[in-house]
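A.B. asks: Be aware that the sequence shown starts at -5, since it is given in this note's numbering, and climbs by one per residue. Ideal Cβ positions, reconstructed from N, Cα and C, are used throughout, including at glycine.
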Amino acid sequence: MIVCVSANPAVDKRVRLPKLALGRVNRVSHVQAAAGGKSAHVAMALRALGSVPRWIGFAGGATGQELLAGLKDLDISSVTVPMKNATRVNLEIIDEDGNVTEILELGLPFQHKNVAHSSRPVNLFSAKQGTICLLFFLAACLPASYRNSTRI
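1. Would you list, in sequence order, the uninterrupted beta strand (DSSP E) runs of no fewer than 3 residues that lie entirely inside the stretch 34 to 100?
2. When DSSP labels each residue in this structure, what does K32 get in the three-state scheme?
3. Check whether the Cβ atoms of N84 and L65 lie closer than 8 Å to each other.
4. Quick one: Cα of K78 to Cα of R18, how far?
5. On a CA-only basis, which of V22, I(-4), E90, R82 is nearest A56? Give me that one, please.
6. Taking V19 as part of the beta strand (DSSP E), name the residues at either end of that continuous run.
7. Are three or more beta carbon pairs between the stretch 9 to 23 and the stretch 59 to 76 nearer than 8 Å?
8. Which two residues bound the contiguous beta strand (DSSP E) that contains A199?
9. Nearest to A53 by alpha carbon, out of I87, T74, S23?
This is the structure we're talking about:
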């Protein structure tokens, strides 16, 4: 089993429109939301290749539930560290010419107790056979000590 650990997950929302017009009202022709963040993307790729990954990460609010539902729909099991704040949403705007504009929310504000809780499932899985995949951009709001909070 490969465990994918996420410190800064997201819901990726993709919208399509004919042309992005700055400073004007833009009407979209298509909206799609999916689980996001580097570790979720790795878990999705592993699942598509026939592996059985497990995702561990922070999730909060309605968007956190949307993230977890998206992983479940892809048959990816998850272990969640609950957060009070909502999981971030990243917006990807795609026009008919294929130009992509991304708007990325900041990560969740972390509390030290949540970081401590997050190391428990990682330590539990590292004691068993398998591989742990730590993929994340260290969010500005995440304490630098997070890198050292998990013993692998």
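C.D. replies: Result, derived from the coordinates:
1. 48 to 54, 71 to 77, 82 to 89, 94 to 98
2. On the sequence shown, residue 32 is found 38 positions in, with the first residue counted as 1. Under the three-state reduction of DSSP output, K32 falls in the helix class.
3. Within the sequence shown, numbered from 1, the residue matching residue 84 stands at position 90. Within the sequence shown, numbered from 1, the residue matching residue 65 stands at position 71. No, the pair does not count as a contact, with Cβ atoms beyond the cut-off.
4. Here the question's residue 78 lines up with position 84 in the sequence shown. Here the question's residue 18 lines up with position 24 in the sequence shown. Their backbone Cα atoms lie some 34 Å apart in a straight line.
5. Working through the sequence shown from its first residue, we reach residue 56 at position 62. Cα-wise, what sits closest to A56 is R82.
6. Residue 19 sits at position 25 when you count from the first residue of the sequence shown. Run containing V19: none; DSSP gives neither H nor E here.
7. no
8. The question about residue 199 has no answer here: the residues shown for the chain are numbered -5 through 146.
9. Translated into positions along the sequence shown, residue 53 becomes position 59. Minimum Cα distance to A53 is reached at T74.
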